[in-house]
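Residue numbers (the numbering used here): 258 to 524. The C-beta atom is built at its ideal place from N, Cα and C for all residues, glycine as well. These figures come from a predicted structure and were not determined experimentally. Below: one structure, written as structure tokens.
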Ligand SMILES: NC(=O)c1ccc[n+]([C@@H]2O[C@H](COP(=O)([O-])OP(=O)(O)OC[C@H]3O[C@@H](n4cnc5c(N)ncnc54)[C@H](OP(=O)(O)O)[C@@H]3O)[C@@H](O)[C@H]2O)c1
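If you want it as structure tokens, here you go:
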């Protein structure tokens with residue numbers, strides 16, 4: 258199977274590396290379309306795979322095409338490749354907010370998968386929600402799931418609108434985590450730790466807490482109870498979080514992200 262990634266940015270190169278590392282595709286069958294010749298030339302010195310700047314030299318050859326440009330660049334890309342595609346080709350779009358129907362009508366193609374990955378895909382620790390049009394067969398779907406699994410875990414959703422919800426939770430989610438971490442690092446520095454000590458304390462606290470959560474069948478609320486003893490330090494902090502409605506703010510933030518994802522999808 259020949260795979261073509263359209264857009265050699267953060268995500269495009271992440272997919273290229275994950276697919277090559279997992280040997281789902283050989284370097285000869287891994288193609289990447291860049292915006293210009295200089296970039297294609299430069300990347301081919303560093304990465305495995307074949308790099309192109311001319312769509313007509315790679316699009317017709319591909320069995321599976323991964324659309325990894327920014328949503329605002331999609332119209333231009335569609336214009337460039339529309340005449341070069343064929344109905345048997347399979348498309349995976351990871352572009353936030355771009356509906357499958359928009360991809361299908363822009364490319365005159367029926368076999369569309371829409372996926373929402375997240376940044377930890379870079380280290381194979383991502384999570385991807387995905388869905389597909391009816392024209393995608395079960396066998397193709399299994400193959401696509403194997404391919405997406407090279408970047409972490411996956412969940413299939415029946416309704417396309419749930420991809421906007423996934424964008425608000427797991428797509429944007431790493432930034433929420435970094436936001437919380439950043440505030441804790443600032444608090445630690447204010448208490449007298451050096452920046453590197455503060456970063457170690459905070460990052461290891463996040464890693465350890467999440468690893469523990471993943472190892473046992475306990476809810477977050479139950480884990481909180483295990484840390485917070487009555488009248489203790491944790492309870493003092495949690496009371497401030499409750500008083501300032503932090504819990505509600507986080508939910509409101511995620512809902513704002515969902516609203517924005519829906520707006521972007523409406524063009
Ligand atoms: N980053 C995330 O965490 C994340 C998470 C989920 C989904 N996504 C989705 O993934 C997609 C890519 O995001 P990203 O962060 O990888 O963006 P990015 O780093 O900006 O990469 C996009 C790449 O596409 C290239 N490009 C644009 N138009 C092109 C064209 N016509 N032909 C060939 N290449 C073209 C750009 O080239 P130039 O460098 O020359 O502009 C750039 O290298 C977006 O649609 C985004 O919504 C991203």
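Run the CB neighbour count on residue i, radius 10 Å, all protein chains shown included, and call it buried at 16 or more, exposed below.
| i | result |
| --- | --- |
| residue 315 | buried |
| residue 508 | exposed |
| residue 262 | buried |
| residue 368 | buried |
| residue 537 | The structure shown has nothing for residue 537, since the chain only spans 258 to 524. |
| residue 288 | buried |
Cβ of residue i versus every heavy atom of ligand 1: is any distance shorter than 7 Å?
| i | result |
| --- | --- |
| residue 357 | no |
| residue 287 | no |
| residue 376 | yes |
| residue 254 | Missing from the structure shown is residue 254; the chain here goes from 258 to 524 and no further. |
| residue 267 | yes |
| residue 314 | no |
| residue 337 | yes |
| residue 328 | yes |
| residue 325 | yes |
| residue 296 | yes |
| residue 322 | no |
| residue 373 | yes |
| residue 381 | no |
| residue 469 | no |
| residue 395 | no |
| residue 409 | no |
| residue 263 | yes |
| residue 306 | no |
| residue 334 | yes |
| residue 428 | yes |
Roughly how many angstroms separate the alpha carbons of residue i and residue j, rounded to a whole number?
| i | j | result |
| --- | --- | --- |
| residue 498 | residue 504 | 7 Å |
| residue 302 | residue 479 | 51 Å |
| residue 456 | residue 467 | 16 Å |
| residue 273 | residue 319 | 14 Å |
| residue 496 | residue 450 | 24 Å |
| residue 312 | residue 290 | 7 Å |
| residue 328 | residue 345 | 24 Å |
| residue 520 | residue 430 | 18 Å |
| residue 410 | residue 384 | 5 Å |
| residue 260 | residue 280 | 12 Å |
| residue 326 | residue 317 | 19 Å |
| residue 358 | residue 523 | 12 Å |
| residue 294 | residue 331 | 19 Å |
Does at least one heavy atom of ligand 3 sit under 7 Å from the Cβ of residue i?
| i | result |
| --- | --- |
| residue 351 | Here the bound small molecules are ligand 1; ligand 3 is not part of this structure. |
I'd like to know if the segment 350 to 364 and the segment 291 to 311 are in contact, where contact means that at least 3 CB-CB pairs between them fall below 8 Å. no
How about the segment 369 to 388 and the segment 265 to 273: do they share at least three Cβ pairs that are nearer than 8 Å? yes
Are at least three pairs of beta-carbons, each pair with one atom in the segment 345 to 355 and one in the segment 415 to 431, less than 8 Å apart? yes
Touching by the beta-carbon criterion (3+ pairs, under 8 Å), the segment 423 to 433 and the segment 511 to 520: yes
Do three or more CB pairs link the segment 331 to 338 to the segment 386 to 396 at distances below 8 Å? no
So, do the segment 341 to 351 and the segment 366 to 375 have three or more beta carbon pairs nearer to each other than 8 Å? yes
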